[in-house]
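Numbering (this note's numbering), first residue to last: 1 to 205.
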């Protein structure tokens with residue numbers, strides 16, 4: 001899979017210093033600067049330390065099953081257009097090379113909802129989905145009672161906490177929604193679970 005992050009730092013140079021410093025014990029395969037410059041930091045075939053503890057579907061060691069892409073962004077500002085263009089180009093190269101389907105392009109917050117919120121509410125997931133580089137749900141209504149089951153079926157297996165599940169779902173698919181779980185949330189995840197069920201055969205190591 002591909003896991004997308006933001007750096008939450010002042011500049012790409014500062015992020016690069018952190019990602020290339022062995023003492024920080026954190027790394028990523030790629031760093032994309034705001035001007036669209038793509039820095040390759042770890043070869044794709046090697047394990048990078050970008051994901052940490054978490055889970056997606058049956059995969060619990062996400063670092064060993066993913067390519068990590070860090071985006072130079074402070075976490076509150078819109079993502080720069082050159083950066084997004086470069087990300088799309090990079091995904092178009094990575095995904096066929098490793099046979100990664102669009103549903104396997106996820107955010108750090110998706111696989112580690114207890115710890116992470118990146119790439120955050122400003123990240124344009126729908127833009128990626130329109131390019132075939134991620135997925136986006138079709139609108140619909142469903143019984144909220146089925147929300148948790150739909151989340152698990154789609155891939156959200158890192159937590160069973162209902163509040164946390166709703167928070168991480170909305171962070172990606174309804175970032176400006178407020179209030180309790182509703183039929184719209186349930187309808188969206190039901191559509192995702194039906195069309196893009198997570199690969200239950202993924203290694204759990």
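Positions of the beta carbon are idealized from the N, C-alpha and C atoms, including for glycine. All figures in this text were calculated on a predicted structure; none of them were measured in a lab.
For this session: Look at the alpha carbon of residue 18 and the alpha carbon of residue 66, and state the distance between them as a whole number of angstroms.
Result: 20 Å
Exercise. Taking buried to mean at least 16 other C-beta atoms within 10 Å of its own C-beta, is residue 105 buried or exposed?
Worked result: buried
For this session: Quick one: grab the DSSP three-state call for residue 204.
Result: Because the pLDDT at residue 204 is just 41, under 50, the model does not fix this residue reliably, and the point stays unresolved.
For this session: Please work out which residues of its chain come closer than 8 Å, Cβ to Cβ, to residue 83, disregarding the five sequence neighbours upstream and downstream, and give them in chain order.
Result: 32, 33, 34, 35, 36, 71, 72 and 73
Exercise. For residue 204, which residues of its own chain have a beta-carbon under 7 Å away from its beta-carbon, when the five flanking residues on both sides are left out?
Worked result: With a pLDDT of only 41 at residue 204, under 50, the local geometry of the prediction cannot be trusted, and the value read off the model is given with reservation. Correct list, in chain order: 58, 59 and 60.
Exercise. Residue 125 CB to nearest chain C CB: under 7 Å?
Worked result: The chain labelled as chain C is not found in the depicted structure, where only one protein chain is given.
Exercise. By a C-beta neighbour count over all protein chains shown, 10 Å radius and 16 as the cutoff for buried, is residue 176 buried or exposed?
Worked result: exposed
For this session: Within the stretch 8-94, note down every full beta strand (DSSP E) run reaching 3 residues or more, in order along the chain.
Result: 30-32, 38-40 and 67-71
Exercise. So is residue 113 buried or exposed if we call it buried at 16+ other beta carbons inside 10 Å?
Worked result: buried
Exercise. Among residues of its own chain, excluding the 5 on either side of residue 190, which ones have a beta-carbon nearer than 6 Å to its beta-carbon?
Worked result: 142 and 150
Exercise. To which residues does DSSP link residue 2 through a beta bridge?
Worked result: 67 and 105
Problem set entry | residue 9 to residue 15 span [Cα, whole Å] | 6 Å
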